[in-house]
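Here's the structure we're looking at; comments come further down.
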Amino acid sequence: MSVSAVERDTAIRHIGDTGALIIIILLVWQGLYEAVGDVALTPPVATFANAGALLRSTSFWRHLDATTVAFLVSLAIGSLAGVAAGLALGFHRFSGEVAEPILTALYTLPKVTLYPLVLLIFGLGISAKIAFGIMHGIIPVILFTMSAVRNIDPVHLKTARALHLSPLQTTVTMLAPAVIPEIFTGLRVGFSLTLLGVIIGEMFASQRGLGFLVINGINTHDVPTMMAVILLIVVFAIAASTFLLAADRKLHRH
Amino acid sequence: MSRIARVQLAVIIGFFAVLELLTRLGAINPLTMIPPSEMAEHLWRLLWEGALNAPMAQTFVNVALAFMLSVGVGLASGLAIHALPRLRRLADPLLASYYAVPFFVFYPLLIAIFGLNRWPLVAIGFVFGTAAMVIATLNGLDRVPRVMRKLARVHRMGRLEEIARITMPAAVPHLFTGFKLALAYAFIGVIAGEFILSGSGLGHAIAYAYDSFDNQTMYALMLFVVVLAITLNAALHLGEQRLMRKRRRA
Amino acid sequence: MPQPHARLSGVTKLFETPQATAVHALGPIDLDLARGEFITVVGPSGCGKTTLLELLAGLTSPTDGSISFEGKALAGRVPPGVGVVFQEDASLPWLTVWDNIAFGLRRAGVAAAEIRARVDRAITFMGLSGFARSYPAQLSGGMRQRVCIARTLVLEPRLILLDEPFGALDQQTRLLMGDELLRLWRESGATVLLITHAIDEAVMLADRIAVMSARPGRIIDVVETGWPAQRNSRIVEDEAFGRLTAHVWSKLRIESMKALGRDDAGNPRP
């Protein structure tokens, strides 16, 4: 059997396994519904239908837009600032070594504790949400970028010098390919955390957005809408993460 | 103390010193932030008065429950998944996308199911921490050197004995990483849940203080939670260092 | 003819690869081990030496043929009385040197006083005195291997199998460890089979040398050294040493080139 045939078989197996997993989750969901009832859950089929209905409703799209804008802005700022800071701290050894334990400690803090501070600075609204998103997502980007830079094999730099490469050529041909895979992993982790931060922010600091819709569902006892929104968020999160993971693997294979 | 540690201490002290200065000078609006010294003073008073005893107890119990459940279930699941390849094939995609899902969206759902009590909080902390424990367990079991498995067979050990005497001790460093993560996540999950929607606990106390415009109490509590989180994690880290010292290559 | 201590008869081993083809790793092999002899197995990389050892130990089963130890066929399990020292470091990092060595004895339910006696003796014998309370991580590679050998020794096995035990050590340490191994062999009276890729080691230590071919490994020659039991590393001064080494190398050289040639042609390594 050729290698590509084996790879194809493995891919088919993966899809089969994932399919089996999804079926199991749906069955457990249905089972929970039977046990708990309408007061707390909606069953899978109904939830999918509701989600479809939401996607066709304009009021939902307004909330979706609010979340999307906040998310994309946080992602952009967090990624750029994170990579920049990570590069700086990575190249300047001493600063990096000083900063790393501090950043790791910040990472394990319940960032929720700092939310009131953010609200006091930014007030309620989209800037606060963006701040939350950045707060959650920036640290892994910095840490991974730092690590990527520190793991650059000195051999690369020596080779570049031996070949008389200019700084630009060195960066493009030697350094960038060495650091990009790990930086991408950091961005991938940052992506999920930024999403989390924005949604949590919406859950208590906003009147618009998907997070708000979810909390609102509790307040108005509207379980079907709540579950439909949760479903959409989860599906998006998993789809995006799977795509990023595949890209991550491709990058690392080089 | 190493040079790095001194600089770190200087950075942290410097940070708080700057905050203190700016808040006292009024450069930072006192309605936005109070001086760190005031935060500490107010916190001390609250602790002394015992005002924090009830919320601390609530949070502590929630975190402990979430932590123990996630470690127990995580360890057992990790062992099971490792032993059964079919189960592992199912679990792998689940674990890969697990942390991509913003679990907090399930929080209201959990409230709908369990009611507005401690169980949604424990559940969130549990859900957060379990996967980390499972992944750490799998990592540890995967990395048991092949030669150790052969050693077990040379000593003619049964499966259970091999797991108890060789596999688990060999996996301990990784398991410890799982403990650390499970605790951090349990703590984060519980506090965040208390903050967002709960009637008790430290997280709730912070939200309540915020809603009541009681900056002093709010900041005191925030300081407390930050110190608590850092202390817990540092304690586990130190514990790990001591336990693993003898196993580390000199 | 006294019954052989261990016997391999027509033993062949095939491995399955992910591509579902079978790799013929070893055999057919016929080899008898006489009780109390010291036999070394030498061969090019990938010839299946480790597989041979694992088959003899009962760690794996042959695809064809039979293996017996003390007259009883192996049933896919390691029989009692067999000790193995692996190529990789198998010292248990969470136990002290003392506890490592006592490991097997404790499991066997031997009396505490007996355990203490045996372990203390092994520690002295293997030159580990003063390190009883240390952890493997604090020791050098050579000392860790000594711990593994001591751990095997205290169980008083009748057959000791060693898979390139000194592979990670420098030449001088190897020679000295070889001396220790010979001492151990004389004191215990066990049958010893040692795998190595170092020809001088194979010739120096052995009563008999089994030379293996490139994959699939077969025994192409068995050389008797005729050394006295009271030998050590200074045997290299003996005139016969050079002759034997040259003889073994002349057989091995062709096989080693075959082993290299295979890799050049792009066939998968085992």
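Protein chains in written order, with the working numbering: chain V, 1 to 254; chain S, 1001 to 1250; chain D, 2001 to 2270.
All residues carry an ideal CB built from backbone N, CA and C; glycine is no exception.
In terms of DSSP beta bridges, what is residue i paired with?
i: Ile-2160(D); result: Gly-2083(D) and Val-2192(D)
i: Asp-2221(D); result: Val-2211(D)
i: Ala-2122(D); result: In DSSP, Ala-2122(D) forms no bridge with anything.
i: Ala-2073(D); result: Ser-2068(D)
Which residues mark the beginning and the end of the alpha helix (DSSP H) in which residue i is found?
i: Ser-95(V); result: 93-108
i: Ser-57(V); result: Ser-57(V) -> no alpha helix (DSSP H), and no H or E assigned at all.
i: Ala-2022(D); result: Per DSSP, Ala-2022(D) belongs to no alpha helix (DSSP H); it is in the beta strand (DSSP E), 2022-2033.
i: Ser-2066(D); result: Here Ser-2066(D) belongs to no alpha helix (DSSP H); instead the beta strand (DSSP E) covers 2064-2069.
i: Cys-2047(D); result: Per DSSP, Cys-2047(D) belongs to no alpha helix (DSSP H) and is neither H nor E.
i: Tyr-1185(S); result: 1168-1196
i: Met-1133(S); result: 1118-1142
i: Glu-1041(S); result: 1036-1049
i: Leu-119(V); result: 115-122
i: Thr-173(V); result: It is not in any alpha helix (DSSP H) - Thr-173(V) carries neither H nor E in the DSSP assignment.
i: Asn-1215(S); result: 1215-1245
i: Ser-1097(S); result: 1085-1098
i: Phe-1016(S); result: 1003-1024
i: Met-1148(S); result: 1146-1154
i: Gly-2141(D); result: 2141-2153
i: Pro-154(V); result: 154-162
i: His-1204(S); result: 1201-1211
i: Ala-2102(D); result: 2097-2107
i: Leu-1160(S); result: 1159-1162
i: Ile-1111(S); result: 1107-1114
Using a 10 Å radius around the Cβ and a threshold of 16 neighbouring Cβ atoms, would you call residue i buried or exposed?
i: Lys-2072(D); result: exposed
i: Asp-2030(D); result: exposed
i: Trp-1255(S); result: What is shown of chain S runs 1001 to 1250, which leaves residue 1255(S) out entirely.
i: Asp-2264(D); result: Low per-residue confidence applies at Asp-2264(D): pLDDT is 45, beneath 50, and the placement is therefore not dependable, though the value from the model is reported in the following sentence. With fewer than 16 other Cβ atoms within 10 Å, it is exposed.
i: Ala-1234(S); result: exposed
i: Pro-2093(D); result: buried
i: Phe-1195(S); result: buried
i: Pro-1030(S); result: exposed
i: Phe-1015(S); result: exposed
i: Arg-188(V); result: buried
i: Ile-15(V); result: exposed
i: Ile-2115(D); result: buried
i: Met-2257(D); result: exposed
i: Arg-2146(D); result: buried
The beta strand (DSSP E) with residue i in it runs from where to where?
i: Thr-145(V); result: Thr-145(V) -> not in any beta strand (DSSP E); alpha helix (DSSP H) instead, spanning 126-150.
i: Lys-2013(D); result: 2006-2016
i: Thr-2040(D); result: 2038-2042
Kindly indicate if chain V contains any beta-carbon less than 8 Å away from that of residue i.
i: Met-1222(S); result: yes
i: Ile-1188(S); result: yes
i: Ala-1250(S); result: The predicted model places Ala-1250(S) with a pLDDT of 45, which falls under 50 and marks its position as unreliable, so this point remains unresolved.
i: Ser-1097(S); result: yes
Is the Cβ of residue i closer than 8 Å to any Cβ of chain S?
i: Gly-2189(D); result: no
i: Pro-2018(D); result: no
i: Phe-2069(D); result: no
i: Ala-148(V); result: no
i: Pro-116(V); result: yes
i: Met-226(V); result: yes
i: Thr-113(V); result: yes
i: Met-174(V); result: no
i: Thr-108(V); result: yes
i: Leu-143(V); result: no
i: Met-135(V); result: no
i: Ala-51(V); result: no
i: Arg-2146(D); result: no
i: Asp-248(V); result: no
i: Glu-2239(D); result: no
Under 8 Å between C-beta atoms, does residue i make it to chain D?
i: Arg-1153(S); result: yes
i: Pro-1085(S); result: no
i: Arg-1089(S); result: no
i: Val-1147(S); result: yes
Report the neighbours of residue i on chain A: residues whose CB is nearer than 7 Å to its CB, in chain order.
i: Pro-1108(S); result: Here the protein chains are V, S and D, and chain A is not one of them.
In chain order, each alpha helix (DSSP H) run of at least 4 residues that lies wholly inside the segment 194-235 of chain V: Complete alpha helix (DSSP H) runs here, min 4: 210-219.
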